[in-house]
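Q: Following this message is one structure expressed as C-alpha cells.
Numbering (full-length UniProt numbering), first residue to last: 1 to 355.
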C-alpha cells in the first residue's frame, strides 16, 4: 500500500466554510463535488435560508457523502453574510482534528491544484506565523494580479483617510504626474507570485485556526457588505499579514460582469435600496473607525465621493435614493450599525450578486 501524499495529508487537515442562500443549488452542487475531489473531508455549510431546491440538494448530498463531508448549520431566515460566516467559523473552530480553515463563497470553484499550491506556500514560508493568511487568486476579479504587479498592500482599501479607494490627494498627485509627465511607479512585483495586501474577501481566504484567537469573528453588526473587509483588516492591525497569491486559483461560477461598471453608476442603477444602504453605511463606519488617522481629510474625501454619487443619482432622476444615501451617511458617521428597521434583509433582492 502506497504512502499518502503530503498534499492529501494537508487537505485532510482543512475544513471549508461557506454560506449559501436563495436558489444556488447548481453552484453548491459543483462546489461540493470539487471539495470531495480535493480530498477535503469536511465542509461547514451555512444554509442562510436557501430555497427548497437547495435544501433538497443538501439532503441528497448528505446521503451521497455518507453524512461525513457536510456539517450543516440552518438559519431560519437570511441573517446576512457577517452573522452566517461567524456561525460557520465558530463551528469550524470547534471541530477537532482540523488545523486550517478555507473560506469559500458558494459559487467559488477551486482549481484542482489549489491544495497543492497552498501546502507549498504554507510549508515554505519562512516568516509565517499564526497571524498569516493566504488570499487565493479570484481570477475573475483580477485583484491579486494588480496587488502583486504594483506591490501595493493598500491597493484594495485605498490609503488611510481614503473612502472606498477615493482620495482627493491621490487624484491631485496623479493629475500632476500626467501634466508634468512624471515617471510612473515601476511594477516592482512583476516576476513574483505573491505580495502582501491589507484586505481580502472571504472567498479564498486560508489560515490556521489559531488566527481566530487573535482577531475574533466577523462583526455581525455589519450585517452585509464590508464585513469581510473589517474582519480581514484586523490581521495587519494585529501585526499579521495577508499574502495575495497568484497561482492559488479560484474561479467563479456566477456571472458578475455587471459589477465591472463604473462604481458611481452602480450606486445609481444596480443596487436595491438595502444593498445600497449597507454598502455605503458600513464603508463609512469601517473607514472612519479603522482606516482613518486624520478625520478632516477623511470627511473631505467622503463628502466629495458622496456628492459624486448624488450627482449620478440625480442624473438618473432616481430621487428616492437620496434618502438612502442620507440615512447611510448619518448612521455610518454616528456608529448606528446593526440591522436597520427601514432596511431589513427580508427586502434584499437575492437575484443580485456582488463580491
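Each residue gets a CB set at the ideal place from its N, CA and C atoms; glycine is no exception.
Under DSSP, the alpha helix (DSSP H) around residue 32 begins and ends at which residues?
A: Within the chain shown, residue 32 is the residue found at index 32, counting from 1. First-last of the alpha helix (DSSP H) with residue 32: 25-37.
Q: At what residue ranges does the UniProt domain "Glycosyltransferase 2-like" (16-123) contain a whole run of the alpha helix (DSSP H), taking only runs of 4 or more?
A: Runs found: 25-37, 52-64 and 81-94.
Q: So what does residue 197 bridge to, in DSSP terms?
A: Translated into the one-based positions of the chain shown, residue 197 becomes position 197. 242.
Q: Across which residues does DSSP place residue 137 in a beta bridge pair?
A: Taking the chain shown and counting its residues from 1, the one referred to as residue 137 is at position 137. BP columns for residue 137 point to 249.
Q: When burial is assigned at 16 or more other CB atoms within 10 Å of the CB, is residue 225 buried or exposed?
A: Within the chain shown, residue 225 is the residue found at index 225, counting from 1. Burial call: buried.
Q: Check residue 283 in the structure and name its three-state DSSP category.
A: As a position in the chain shown, residue 283 is number 283, starting the count at 1. In this structure, residue 283 counts as helix in the three-state DSSP scheme.
Q: Taking the straight line between their C-alpha atoms, what separation do you get for residue 101 and residue 209?
A: As a first step, residue 101 must be located in the chain shown, where it is residue number 101. As a first step, residue 209 must be located in the chain shown, where it is residue number 209. The alpha-carbon atoms of residue 101 and residue 209 are separated by roughly 6 angstroms.
Q: State yes or no: is the C-beta of residue 156 within less than 8 angstroms of the C-beta of residue 168?
A: Sequence index remark: in the chain shown, residue 156 carries index 156 (1-based). Sequence index remark: in the chain shown, residue 168 carries index 168 (1-based). No, the pair does not count as a contact, with Cβ atoms beyond the cut-off.
Q: Whole-angstrom Cβ separation of residue 356 and residue 134, contact assumed at under 8 angstroms?
A: The structure shown does not extend to residue 356, since the chain spans only 1 to 355, so no value can be given for it.
Q: Which residue marks the beginning of the alpha helix (DSSP H) containing residue 322, and which one marks its end?
A: In the chain shown, counting from the first residue as 1, residue 322 sits at position 322. Start and end: 320-334.
Q: Does the beta-carbon of residue 19 have 16 or more other beta-carbons within 10 angstroms, so that it is buried, or is it exposed?
A: The sequence position of residue 19 within the chain shown is 19, counting from 1. Its Cβ being crowded by 16 or more others within 10 Å, residue 19 is buried.
Q: Given a threshold of 16 other Cβ atoms within 10 Å of its Cβ, counted over all protein chains shown, does residue 261 qualify as buried or as exposed?
A: Counting from 1 along the chain shown, the entry for residue 261 is found at position 261. Summary for residue 261: the model assigns pLDDT 46, below 50, so the residue's position carries little reliability; its value from the coordinates is reported in the next sentence. Residue 261 should be labelled exposed.
Q: Please return the same chain residues whose Cβ sits closer than 7 angstroms to the Cβ of residue 95, not counting the five positions on each side in sequence.
A: Locating residue 95 in the chain shown gives position 95, counting from the first residue. Closer than 7 angstroms at Cβ, skipping near neighbours: 15 and 42.
Q: Per DSSP, what kind of secondary structure is residue 224 in: helix, strand or coil?
A: As a first step, residue 224 must be located in the chain shown, where it is residue number 224. In the structure shown, residue 224 sits in coil (DSSP, three-state: anything other than H, G, I, E or B).
Q: Taking the continuous beta strand (DSSP E) assigned at residue 205, which residues delimit it?
A: Here residue 205 corresponds to residue number 205 of the chain shown, with the count starting at 1. It spans 205-208 - the beta strand (DSSP E) in which residue 205 sits, taken as one unbroken run.
Q: Return the residue from the list 193, 242, 170 and 164 that minimises the CA-CA distance to residue 200.
A: Taking the chain shown and counting its residues from 1, one reaches residue 200 at position 200. Residue 200 has its Cα closest to that of 242, out of 193, 242, 170 and 164.
Q: Which partner residues of residue 343 appear in the DSSP bridge assignment?
A: Translated into the one-based positions of the chain shown, residue 343 becomes position 343. Paired residues: 340.
Q: So, for residue 72: in the same chain, excluding its five sequence neighbours on each side, which residues have a beta-carbon less than 7 angstroms away from its beta-carbon?
A: As a first step, residue 72 is located in the chain shown; it is residue number 72 there, counting from the start. Answer for residue 72: 45, 47 and 58, listed in chain order.
Q: Can you look up residue 166 in the DSSP assignment and give me helix, strand or coil?
A: The count along the chain shown starts at 1 and reaches residue 166 at position 166. Correct three-state label for residue 166: strand.
Q: Can you tell me whether residue 192 is helix, strand or coil according to DSSP?
A: Looking up residue 192 in the chain shown gives position 192. Residue 192 falls in the coil class under three-state DSSP.
Q: What is the rounded straight-line gap between the Cα of residue 5 and the Cα of residue 286?
A: Residue 5 sits at position 5 when you count from the first residue of the chain shown. Residue 286 sits at position 286 when you count from the first residue of the chain shown. One C-alpha to the other measures close to 43 angstroms.
Q: Between which two residues does the alpha helix (DSSP H) holding residue 8 run?
A: Your numbering for residue 8 matches position 8 in the chain shown. Taken as a continuous stretch (DSSP letters only), the alpha helix (DSSP H) holding residue 8 covers 6-11.
Q: Which residue wins for smallest C-alpha separation from residue 319, given the options 273, 329, 289 and 278?
A: Along the chain shown, one-based indexing puts residue 319 at 319. Checking every option, the nearest Cα to that of residue 319 belongs to 273.
Q: Would you call residue 316 buried or exposed, if buried means 16 or more other Cβ atoms sit within 10 Å of its Cβ?
A: Taking the chain shown and counting its residues from 1, the one referred to as residue 316 is at position 316. So residue 316 counts as exposed.
Q: I think residue 138 touches residue 40, with their Cβ atoms under 8 angstroms apart; what is that distance to the nearest whole Å?
A: Here the question's residue 138 lines up with position 138 in the chain shown. Here the question's residue 40 lines up with position 40 in the chain shown. Going by Cβ atoms, the distance from residue 138 to residue 40 rounds to 19 angstroms, so no, they are not a contact pair.
Q: Beta-carbon separation of residue 107 and residue 252 under 8 angstroms?
A: Counted from its first residue, the chain shown places residue 107 at position 107. Counted from its first residue, the chain shown places residue 252 at position 252. Against a cut-off of 8 angstroms, the Cβ pair of residue 252 and residue 107 comes out as a contact.
Q: Quick check: residue 313 and residue 278, are their CB atoms within less than 8 angstroms of each other?
A: Stepping through the chain shown from its first residue, residue 313 is reached at position 313. Stepping through the chain shown from its first residue, residue 278 is reached at position 278. Not a contact, by the Cβ cut-off of 8 angstroms.
Q: Quick test of the definition: if touching needs 3 or more C-beta pairs under 8 angstroms, does the segment 285-299 touch the segment 320-335?
A: At 8 angstroms Cβ cutoff, the stretches touch.
Q: So residue 300 is in the alpha helix (DSSP H); what residue range does that whole segment cover?
A: Numbered from its first residue, the chain shown carries residue 300 at position 300. From DSSP, the alpha helix (DSSP H) with residue 300 extends over 295-315.
Q: Roughly how many whole angstroms lie between the Cα atoms of residue 99 and residue 82?
A: On the chain shown, position 99 is the one that residue 99 refers to. On the chain shown, position 82 is the one that residue 82 refers to. Using only the alpha carbons, I get a separation of about 22 angstroms.
Q: Between 122, 308 and 111, which has its C-alpha nearest residue 194's C-alpha?
A: Position 194 of the chain shown, counting from 1, holds the residue named residue 194. For the residues 122, 308 and 111, the minimum Cα distance to residue 194 belongs to 122.
Q: Taking the alpha carbon of residue 299 as the reference point, which residue from 345, 166, 230 and 337 has its own alpha carbon closest?
A: Taking the first residue of the chain shown as position 1, residue 299 is located at position 299. For the residues 345, 166, 230 and 337, the minimum Cα distance to residue 299 belongs to 166.
Q: For residue 293, I'd like the list of residues in its chain whose CB is within less than 8 angstroms of its CB, leaving aside the five on either flank, ordered along the chain.
A: Indexing the chain shown from 1 puts residue 293 at position 293. Excluding sequence neighbours, residue 293 sits near 160 and 161.
Q: For residue 109, I'd like the list of residues in its chain whose CB is within less than 8 angstroms of its CB, leaving aside the five on either flank, ordered along the chain.
A: One-based indexing of the chain shown puts residue 109 at position 109. Cβ within range, chain order: 30, 31, 34, 250, 251, 252 and 253.
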